[in-house]
Amino acid sequence: MKECEIFSGLKVPCGAKIVLRIDGRKFTNLSHDLGLRKPYDEHFKDLIIQTSRDFFKEFSPTFIYTFSDEIDILLSEIPFGGRIEKMDSVFASFIAGSFTKNVFSAGKSIKKPISFDSRIIPLQKEDVIKYFKERQDEAWRNCINGHAYWTLREEYSKKEATEILKKKKSGQLHDILFERGMNVAELPSWQRRGIGIYKKVVMVEGYNPIEKKSVQSRRKKIHVDYHLPIFDAVFFDKLLENI
Ligand SMILES: Nc1nc2c(ncn2[C@@H]2O[C@H](COP(=O)(O)OP(=O)(O)OP(=O)(O)O)[C@@H](O)[C@H]2O)c(=O)[nH]1
Ligand SMILES: [Mg+2]
Numbered sequence: 042m043k044e045c046e047i048f049s050g051l052k053v054p055c056g057a058k059i060v061l062r063i064d065g066r067k068f069t070n071l072s073h074d075l076g077l078r079k080p081y082d083e084h085f086k087d088l089i090i091q092t093s094r095d096f097f098k099e100f101s102p103t104f105i106y107t108f109s110d111e112i113d114i115l116l117s118e119i120p121f122g123g124r125i126e127k128m129d130s131v132f133a134s135f136i137a138g139s140f141t142k143n144v145f146s147a148g149k150s151i152k153k154p155i156s157f158d159s160r161i162i163p164l165q166k167e168d169v170i171k172y173f174k175e176r177q178d179e180a181w182r183n184c185i186n187g188h189a190y191w192t193l194r195e196e197y198s199k200k201e202a203t204e205i206l207k208k209k210k211s212g213q214l215h216d217i218l219f220e221r222g223m224n225v226a227e228l229p230s231w232q233r234r235g236i237g238i239y240k241k242v243v244m245v246e247g248y249n250p251i252e253k254k255s256v257q258s259r260r261k262k263i264h265v266d267y268h269l270p271i272f273d274a275v276f277f278d279k280l281l282e283n284i
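What the sequence shown shows, in our numbering, is residues 42 to 284, in sequence order.
Okay, here's the thing in structure tokens:
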């Protein structure tokens, strides 16, 4: 029946860079089950970061970007011979397994098994920045919409709040929040711009037993960046030169 495995030969195009986008399935329900704070929950953010770190240790990507229940991963090398089925299934299940492990390690439990969907986006090198800029724009929309919605819910019903927010532009959402005492520019950077995980060169202190003295050496360590800039070529050039 090997001939029926018609999708197993599906591969990413030669010469492309690969980004994976992994997203929690029905995490709106999960957020109720876990009793997450709205719109942003520090513990949930820590779970997603820990899951991203697990991925980093296992598969050594170039860069991970995350906000909400989304994890975007820029791979350094094309694994599994570029086989789409293999990548999508292995990566999504790894993330689900890691997330579940991290929920239990944090002393919490979940009612139902969780899952993530995964898609592979082949990109030309010059489109990598464009891709991440688009995701960062989405993180910003998510941030301002989430804060506006949950702030309005203090005064209005679900239906009324949704109606008020319909077709509102970003500037109008600013105003709604500002009138209620919230300056969006002062929200934590990780909520506005998302979080990056990548390797960074650090100096570590060691000891040379032969010379009997302490020495400094360069190491690359996984760094969680809670203060990302607005993505631009400078950020990505630096990231790629550090691989
Ligand atoms: N309360 C709370 N919810 C969060 C947080 N981060 C993510 N979420 C939830 O995760 C959802 C992510 O959006 P989506 O991916 O569009 O929704 P989903 O329910 O996962 O739907 P599918 O991805 O289509 O299965 C948000 O709507 C929130 O309900 C958080 O920090 N706090
Ligand atoms: Mg989701």
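Ideal Cβ placement from N, Cα and C applies to all residues, glycine included.
Where residue 62 is concerned, there is no enclosing alpha helix (DSSP H), although the beta strand (DSSP E) around it starts and stops at 58 to 65.
No Cβ-Cβ contact shorter than 8 Å links residue 193 with residue 147.
In terms of Cα proximity to residue 226, the closest of 236, 215, 239, 263 is 215. The straight-line gap separating the alpha-carbon atoms of residue 160 and residue 126 is approximately 10 Å. Around the Cβ of residue 274, a 10 Å sphere holds fewer than 16 other Cβ atoms; the residue is exposed. Here residue 134 carries a helix assignment [DSSP, helix/strand/coil]. Excluding sequence positions up to five before and after residue 137, its CB lies within less than 7 Å of the CB of 155, 156, 157, all in the same chain and listed in chain order. Looking at the backbone, the Cα of residue 240 and that of residue 108 are separated by about 19 Å.
Here residue 73 is exposed: its Cβ has fewer than 16 other Cβ atoms, across all protein chains shown, within 10 Å. About 7 Å separates the Cβ atoms of residue 52 and residue 122, confirming a contact at the 8 Å cut-off. Nearest in C-alpha terms to residue 262, of all of 62, 68, 97, 233, is 97. At the C-beta level, residue 139 and residue 92 come within 8 Å of one another.
Distance from the CA atom of residue 79 to the CA atom of residue 205, rounded to whole angstroms, is 19 Å.
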